[in-house]
Ligand SMILES: Cc1cc2nc3c(=O)[nH]c(=O)nc-3n(C[C@H](O)[C@H](O)[C@H](O)COP(=O)(O)OP(=O)(O)OC[C@H]3O[C@@H](n4cnc5c(N)ncnc54)[C@H](O)[C@@H]3O)c2cc1C
Ligand SMILES: Cc1cc2nc3c(=O)[nH]c(=O)nc-3n(C[C@H](O)[C@H](O)[C@H](O)COP(=O)(O)OP(=O)(O)OC[C@H]3O[C@@H](n4cnc5c(N)ncnc54)[C@H](O)[C@@H]3O)c2cc1C
Ligand SMILES: Cc1cc2nc3c(=O)[nH]c(=O)nc-3n(C[C@H](O)[C@H](O)[C@H](O)COP(=O)(O)O)c2cc1C
Ligand SMILES: Cc1cc2nc3c(=O)[nH]c(=O)nc-3n(C[C@H](O)[C@H](O)[C@H](O)COP(=O)(O)O)c2cc1C
Ligand code: FES
Ligand code: FES
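Protein chains in written order, with the working numbering: chain V, 42 to 303; chain D, 42 to 303; chain F, 399 to 708; chain H, 399 to 708.
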């Protein structure tokens with residue numbers, strides 16, 4: 042894990058307020074595993090104060106890449122940065138997806154697709170071809186990240202909430218059918234996306250399919266120093282606590298570790 | 042007085058951390074008088090929180106210009122802005138230099154030269170040719186603003202603290218000699234610069250020459266709402282108070298209004 | 399969509415109804431006129447003017463202000479023109495505006511407060527009195543009122559007897575139990591409480607090795623204090639039955655909504671007037687938009703809506 | 399120039415000498431190890447670890463933190479591993495560091511505090527105890543100690559009797575008279591006071607219309623609170639004769655110098671560790687550079703240097 046100011050090599054607007062930003066960070070690129078994240082200082086002053094967490098979208102050669110959506114103060118500042126400027130980053134942080142045997146399905150929605158590209162690439166490099174299901178609000182959002190997934194070979198399906206591209210509706214609707222295609226196999230499901238989507242994925246998978254989800258919470262430090270990034274565990278853990286810390290115990294959890302809120 | 046977001050038309054680095062920034066602001070340009078200032082919001086967040094005051098350096102056609110030095114957070118943010126971006130400005134604010142009959146001398150140091158260019162231009166347009174004395178720390182700083190003054194015709198002298206260009210030492214040392222050149226005339230002296238410089242100018246001028254100085258203080262509002270921008274008056278004023286408010290009663294004062302601190 | 403479907407009127411106690419809940423905070427809006435070309439004075443919920451004392455006050459020596467992280471410190475020392483000049487020079491203009499005028503008052507003794515309230519009671523065009531019991535910059539008298547419930551109650555009831563105008567008591571945050579202070583004001587006869595005034599803070603000039611402010615300490619205001627102010631408004635709303643007016647770091651309509659949902663019937667914008675003089679307009683239209691988007695027609699139904707089980 | 403001309407050593411009471419005045423604040427630096435690859439632990443003035451209670455605590459339900467303007471609110475609820483696990487799992491690593499270790503303790507009763515202090519007293523490798531009497535997140539017991547001088551004094555003297563380690567009492571800012579609290583700690587036998595802990599604040603989610611934090615209120619920390627912290631350190635230094643340790647929003651070496659000039663013998667860096675994990679190093683070298691540029695060789699001569707006439 043390092044903390045350093047590193048050069049930005051690319052900051053590209055992909056439409057729908059989504060950006061792809063690459064950073065020269067050989068140590069992080071070398072160490073990074075799919076599912077891990079970095080914490081980024083988005084501005085020079087104290088407002089916003091805290092670093093912002095972003096999943097590693099790709100790690101290749103000397104560079105890592107994040108995919109982010111402009112939402113509030115921090116991401117607005119990030120969106121204005123240009124190649125050649127420096128960015129203060131901390132990472133790689135958190136655990137990673139655990140690669141398991143068997144056919145696998147990656148299901149992501151919105152910015153949750155960010156870590157899934159890295160995961161899919163890792164799987165491909167190990168000879169596995171994942172089935173990928175992607176959801177977006179509309180065509181503009183989908184087109185911001187779809188091409189990167191299309192560059193991988195393998196099966197790819199997508200949906201948009203408004204039907205402007207691909208299937209209309211939520212992409213999770215495609216999951217039961219996919220799992221049923223080969224219902225004797227031990228499907229591995231990997232998911233990252235909005236909370237309700239992951240909860241629905243978890244509900245489907247509880248009928249026998251191992252499922253890993255990547256969770257989000259507010260984070261102050263990313264390095265397990267503040268204890269702020271908790272989510273509630275389904276079971277009391279071996280330490281006697283009932284909370285999980287997303288930056289340390291996660292961000293990737295098995296779906297059954299989590300107490301899903303309705 | 043207006044408050045509005047307006048386009049930047051130029052933001053030029055002049056060396057020595059000094060910048061010249063022009064803004065499309067026809068209402069301010071039309072209303073502005075030499076000695077007045079604007080308040081600028083330098084960033085989008087709450088840090089820095091307050092607007093920053095800058096003298097109007099030039100006002101021509103639809104544009105006003107400020108000349109500023111990068112010192113802290115606010116001016117660092119300003120220095121990064123580019124033509125085409127918008128800037129939230131408030132102005133014109135404060136009183137102005139009062140133009141009087143007789144030979145006149147403008148004496149400025151450092152960023153204090155900013156309002157003096159506008160003043161000299163105003164005088165020239167009314168047929169008066171001021172004598173201009175400029176001081177800077179060194180050649181780099183002097184060269185950041187000297188050319189604009191050289192473009193005016195008239196008498197111009199300058200000094201640098203380190204002697205790297207022009208006379209060595211403080212430019213005020215040239216003031217007594219200048220005033221003595223025509224010691225029967227009623228010289229009008231106009232000054233803006235570091236506090237010790239203006240105090241020295243005031244001390245020289247108290248022997249009979251009318252002197253106007255442009256003062257600086259911390260300002261929160263610029264529009265006489267916070268009452269924070271006080272300096273101490275030499276005499277109790279007619280309202281019974283002993284304080285002057287730089288944004289309302291100034292920034293230009295006659296040197297004898299002020300209680301100079303040693 | 400028709401803006402007029404949203405009814406922003408609100409009652410802030412003692413019979414005073416505002417057309418909308420957005421006011422300006424004392425000491426941050428001059429005597430109103432300073433902002434006439436920058437914002438629409440007539441459409442404000444109310445203007446609260448700079449604190450007035452019986453006699454004019456010169457205020458503290460400079461430096462009086464310094465910027466801090468997301469905030470500022472001030473030690474103006476309650477410079478003001480005094481009651482007489484206020485009535486003669488400032489009131490006529492303010493009376494001409496369509497929005498209610500609230501006069502903030504301060505004194506060094508209970509007697510002085512009583513005189514002030516009685517003096518203002520005689521004047522036309524004043525909608526309410528806001529009693530500043532909490533100025534941290536005045537070194538005698540005043541401070542004690544702001545941190546001791548008994549004194550606050552005594553002061554409130556004295557002023558209460560001197561005027562029939564609606565009476566708002568403005569509370570200091572520099573106490574350990576804000577609820578007790580709010581209850582004291584209510585018991586003394588206040589029609590509403592407003593909070594918070596500034597937190598006491600300081601800054602040091604490390605080059606000169608002395609405090610930046612001539613007064614050593616000053617009052618902290620601005621976005622930095624918003625979380626403390628919001629918590630105190632929440633607690634005060636729990637403690638009393640009279641309306642609570644929220645103040646402290648409010649700079650956006652979202653900030654204003656937080657205070658309203660916490661239990662504030664109305665809010666005052668302070669430091670934000672300095673860096674965003676049109677902010678009060680933006681806050682008002684933001685609240686209206688929030689109501690429209692959430693299909694809420696009556697503003698008052700939002701007051702305290704975040705308190706739920708509480 | 400030779401760095402070694404600057405002597406940054408400082409005595410913070412009870413015989414505890416630090417190599418330099420820059421410590422980490424409790425709850426913001428984990429148990430130290432989390433930062434081992436990010437900063438040089440050995441060169442810290444001291445590490446103050448996360449508050450330890452007698453038994454492990456799970457802490458509050460989420461959400462526990464929220465960002466505010468130049469600050470953050472936390473309602474961690476004092477989650478910690480408990481005394482036994484601390485001694486078994488955390489202490490061995492910490493003992494191996496070259497810098498002093500200060501253990502922050504908290505309890506729900508005087509008894510619990512006494513047990514904790516007595517338990518730690520048995521252990522090797524602990525340089526001092528910091529008594530947290532001011533946690534705003536624990537709903538019973540704790541809070542009262544932090545705002546009442548009598549209770550604070552009683553608690554301090556009980557702990558004082560249970561340990562021979564240097565004892566630092568950490569004060570709450572949520573009081574009207576911080577000087578009285580500092581004096582109470584001194585009277586109870588504290589070797590030093592540290593301040594401030596967090597200010598109580600809150601935030602509301604205007605979309606969900608409920609408090610953001612599950613605990614409703616939380617502790618405000620970060621640059622936003624620095625002016626309040628600095629003022630309280632100034633007042634505490636005036637009130638007591640024991641060393642004062644400054645905490646609150648310190649993020650740069652300039653911030654640290656303000657506290658030192660105000661009267662702090664040493665400082666603790668809290669929230670800044672989150673956004674700038676190498677900040678403690680930068681602060682230390684900044685202080686050293688300031689001393690060099692001002693020809694000051696002995697750090698202790700800077701303590702309170704802004705107090706001048708005061
Ligand atoms: C492990 C992890 C990985 C993430 N990966 C990505 C990614 O690859 N791409 C992407 O676009 N987004 C990602 N996010 C979310 C991203 O961190 C937030 O969108 C971002 O912090 C918003 O910052 P802002 O200042 O623009 O928004 P703000 O105005 O501060 O807030 C907007 C919303 O963002 C969330 N948020 C703000 N700060 C944080 C924080 N420190 N930690 C967590 N959430 C926060 C809040 O829920 C808030 O409602 C990830 C979050 C986590 C926890
Ligand atoms: C009427 C007036 C006219 C001015 N004209 C010019 C000009 O033409 N060119 C120019 O370069 N500078 C001018 N200044 C000074 C300029 O305002 C400061 O340099 C600027 O505010 C520094 O901002 P900062 O954030 O970069 O520095 P900071 O890091 O905030 O502070 C650096 C120093 O700038 C001063 N300063 C900061 N904020 C203010 C404020 N709100 N009001 C006054 N002083 C402040 C402080 O003394 C501080 O020590 C003028 C000041 C006044 C009052
Ligand atoms: C420069 C300044 C002057 C103030 N003067 C007064 C005053 O005269 N009377 C008063 O009751 N409050 C006064 N206040 C306090 C504000 O009205 C308000 O309570 C406080 O600033 C918190 O709100 P804010 O964070 O929105 O500014 C003053 C505040 C500032 C910044
Ligand atoms: C996440 C978090 C956890 C904290 N936990 C503790 C604690 O366990 N014990 C304690 O005495 N103070 C605790 N504090 C308070 C800090 O030690 C410090 O007093 C406070 O945050 C102010 O300093 P800062 O502004 O530099 O953060 C905690 C603060 C934060 C932000
Ligand atoms: S973000 Fe600080 S502990 Fe996880
Ligand atoms: S800057 Fe506010 S009154 Fe002058």
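Glycine included, each C-beta is placed from N, C-alpha and C at the ideal position. Predicted model, so just to flag it, every value in this text is computed and none were measured.
Neighbours of residue 249/D in chain V, taken as residues at a C-beta separation under 8 Å, are lacking, since the least C-beta distance is about 49 Å.
DSSP places residue 231/D in the uninterrupted beta strand (DSSP E) bounded by 229-233. Per DSSP, the beta bridge partners of residue 608/H are 603/H.
Residue ranges of uninterrupted beta strand (DSSP E) with 3 or more members are absent from the region 175-200 of chain V; none lies entirely inside it. Identification of chain F residues near residue 88/V by a Cβ-Cβ cut-off of 7 Å yields 468, ordered along the chain.
In the three-state DSSP reduction, residue 546/H falls in the coil class, being neither helix nor strand. The beta carbon of residue 594/F does not come within 8 Å of any beta carbon belonging to chain H, so the residue lies off that interface.
Proximity to residue 296/V across 259/V, 277/V, 163/V, 255/V peaks at 255/V, based on C-alpha coordinates. In this structure, residue 589/F keeps its C-beta atom at 8 Å or more from the C-beta atom of residue 568/F. Taking a Cβ-Cβ threshold of 9 Å, the residues of chain D close to residue 435/F are 42, 43, 44, in chain order. Interface residue (Cβ-Cβ distance to chain V less than 8 Å): residue 114/D is classified as such. Taking 7 Å as the cut-off, one finds at least one heavy atom of ligand 2 near enough to the beta carbon of residue 155/D.
Out of 518/H, 612/H, 576/H, 544/H, the CA that lies nearest to the CA of residue 559/H is found in 518/H.
Of the residues 250/V, 188/V, 283/V, 288/V, the one whose Cα lies closest to the Cα of residue 216/V is 250/V.
Set against 7 Å, the gap from the CB of residue 93/V to the closest heavy atom of ligand 1 is smaller. In the DSSP assignment, residue 447/H falls within the unbroken beta strand (DSSP E) covering 444-450.
Residue contact with chain F for residue 604/H: present (Cβ-Cβ distance below 8 Å to some residue of chain F). Against chain V, the CB of residue 427/H has a partner CB under 8 Å away; the residue lies at that interface. Listed in chain order, the non-local C-beta contacts of residue 477/H below 7 Å within the same chain comprise 455, 456, 457, local neighbours out to five positions each way being set aside. Ligand 6 approaches residue 265/D closely enough that one of its heavy atoms is under 7 Å from the residue's Cβ. In summary, residue 498/F is buried, with 16 or more beta-carbon neighbours lying within 10 Å of its beta-carbon over all protein chains present.
Per DSSP, the continuous alpha helix (DSSP H) segment holding residue 512/H begins and ends at 508-519. Taking a contact to require three or more Cβ pairs closer than 8 Å, the region 688-708 of chain H and the region 665-678 of chain H do not qualify as touching.
By the beta-carbon neighbour count (other beta carbons within 10 angstroms, threshold 16), residue 413/H is exposed. Under DSSP, residue 576/H shares a beta bridge with no residue. When secondary structure is reduced to three states using DSSP, residue 46/D falls in the strand class. Contact of residue 131/D with chain F by beta-carbon distance below 9 Å involves 436, 675.
In chain order, 600 place their CB closer than 7 Å to the CB of residue 614/F, counting only its own chain and leaving out the 5 sequence neighbours on each side. For the set 269/V, 248/V, 242/V, the Cα lying nearest the Cα of residue 612/H is the one of 269/V. Residue 150/D places its beta carbon 8 Å or farther from that of residue 113/D. Ligand 4 approaches residue 623/H closely enough that one of its heavy atoms is under 7 Å from the residue's Cβ.
Comparing alpha-carbon positions, the option among 204/D, 91/D, 181/D, 173/D lying closest to residue 192/D turns out to be 173/D.
Setting aside the 5 residues that flank it on each side, residue 152/V is surrounded in the same chain by 110, each with a C-beta closer than 6 Å to its C-beta; the list follows chain order. The nearest non-hydrogen atom of ligand 6 is 7 Å or more from the C-beta of residue 698/H. In this model, residue 73/D and residue 555/F are separated by some 52 Å (Cα to Cα).
The secondary-structure analysis by DSSP pairs residue 590/H across a beta bridge with 566/H.
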